[in-house]
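Note that the sequence shown covers residues 63 to 376 in the working numbering. Ideal Cβ positions, reconstructed from N, Cα and C, are used throughout, including at glycine.
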Amino acid sequence: MASNALSLDLKEEILRLKKEKNAIILAHNYQIGEIQDIADYVGDSLGLAYKAKETDADVIAFCGVHFIAETAKIVNPTKTVILPDKDAGCSLEQACPAEDLAAFLEEHKSKNYYVIAYINCSGGVKALCDVICTSGNAVRIVEQAPEDRPILFVPDQNLGSWVMEQTGRKMDLWQGACYVHVEFTRQAIRRIQEEYPDAAVVAHPECTYAVRILADEVCSTEKMIDFCRKSNKKDIIVVTESGMLHRIKKEVPEKNLIPGPTDNCACADCRYMKMNTMEKLRDCLVNLSPTVEMPEEIRKRAELPLLRMLEQSK
Ligand code: 13P
Ligand code: SF4
């Protein structure tokens with residue numbers, strides 16, 4: 063009872079601050095349930111990028127990880143972009159430092175690569191690429207790549223190889239991976255399928271090939287909602303980060319959702335996404351800090367491939 067009253071107070075405080083600062087709260091599908099419930103918009107990286115671009119709020123409180131908040135800053139340089147925890151990183155972002163990519167491109171200059179960067183990367187990497195993509199539009203973006211140039215796809219090798227399967231387009235893949243999605247194994251998914259033999263399986267493309275081939279559908283987090291809504295199966299095994307289940311449960315309450323298990327756990331949490339709490343969200347609205355900042359020269363260079371993506375995925 064006491065903790066319910068406390069969370070009610072916290073909720074009211076956040077809503078009051080939001081109004082006071084003319085802020086919008088954007089949250090990724092992997093955020094904790096309480097944050098999803100208080101947000102103005104919850105979605106995947108693509109939806110969040112569109113929302114960040116179109117908002118007229120003065121402050122964008124971004125509940126996700128650093129690279130997504132950075133995306134909001136790239137398209138909104140004059141706005142204050144804050145995030146509850148500035149240390150909320152991403153293993154994919156870490157797998158591809160901008161200096162390493164720059165050195166690789168310099169070494170292979172003669173290839174004249176067309177560089178496609180998955181949005182899960184730093185502003186520095188975005189500034190070095192030709193176009194950005196998300197899991198929701200990667201196939202479309204690769205289909206529109208120039209035919210006469212080889213493609214370098216960074217940093218996720220699993221999303222990259224899934225896109226190659228879908229498009230038939232050959233690409234050179236940076237060898238990064240999401241530490242959460244590679245934890246799902248073929249044997250763990252097989253075991254849960256035996257428990258629920260009638261269940262449909264939906265998986266994120268950051269999963270390995272061995273897991274993807276067990277899925278009825280491979281798609282971005284936002285498209286998972288549509289899949290669940292249209293599926294004629296009552297039981298659905300959701301092979302992605304655990305926060306997604308809260309969102310699907312709200313949108314499609316009639317389904318029985320089963321979290322995709324790993325070898326060691328009944329479900330998978332992203333430690334970065336889960337760094338954000340309601341208390342930290344309140345504090346960042348009070349202090350208007352931590353903010354997302356980037357050198358203007360990098361921001362400008364990163365904006366072009368980001369706008370190209372938004373244009374190409376219409
Ligand atoms: P989505 O854009 O599909 O939500 O994916 C983002 C992400 O970080 C997946 O791990
Ligand atoms: Fe990055 Fe993986 Fe976490 Fe998504 S789930 S934010 S790709 S570490």
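Beta-carbon contacts of residue i that lie in its chain and below 6 angstroms, excluding the five residues immediately before and after
i, result
"A262", "D278, S293, K295 and I298"
"A207", "Y176 and I213"
"A272", "R248"
"R370", "V193"
"K113", "L88 and Y103"
Where residue i sits in the DSSP three-state scheme
i, result
"G222", "helix"
"P367", "helix"
"F166", "helix"
"D71", "helix"
"E279", "strand"
"A261", "coil"
"V193", "strand"
"E268", "coil"
"Y112", "helix"
"G186", "helix"
"V244", "helix"
"K81", "helix"
"S375", "coil"
"R333", "coil"
Beta-ladder partner(s) of residue i, from DSSP
i, result
"H90", "G105"
"I122", "I86 and V143"
"I320", "I299"
"G238", "D218"
"T353", "I144"
Proximity test, Cβ basis, 8 angstroms: residue i and chain B
i, result
"D260", "This model lacks chain B altogether, as it is built from one protein chain only."
Where the beta strand (DSSP E) through residue i begins and ends
i, result
"V348", "Taken as a continuous stretch (DSSP letters only), V348 belongs to no beta strand (DSSP E), being part of the alpha helix (DSSP H) at M340 to N349."
"D234", "M233 to L235"
"T302", "Counting along the chain, T302 falls outside any beta strand (DSSP E), and DSSP gives it neither H nor E."
"L214", "I213 to V216"
Where residue i falls, given that 16 or more other Cβ within 10 Å makes a residue buried
i, result
"Q219", "buried"
"E268", "buried"
"V348", "exposed"
"I327", "One point to set straight first is that residue 327 is Cys, not Ile, in the sequence displayed. Burial call: exposed."
"H243", "buried"
"L70", "exposed"
"E284", "buried"
"R274", "buried"
Unbroken alpha helix (DSSP H) run spanning residue i, endpoints
i, result
"C290", "T283 to K292"
"Y176", "Unbroken run through Y176 is the beta strand (DSSP E), Y176 to Y180; no alpha helix (DSSP H)."
"V137", "H128 to V137"
"Q206", "First-last for Q206: undefined, no H or E at that position."
"R274", "Y271 to R274"
"D99", "G95 to I100"
"A157", "S153 to A157"
Cβ-based neighbour list, residue i, same chain, cut-off 7 angstroms, excluding 5 preceding and 5 following
i, result
"L163", "V187, L190 and V216"
"I97", "A89, C125, N338, M340 and L343"
Own chain residues within Cβ distance below 8 angstroms of residue i, not counting five before or after
i, result
"V314", "I287, C290 and R291"
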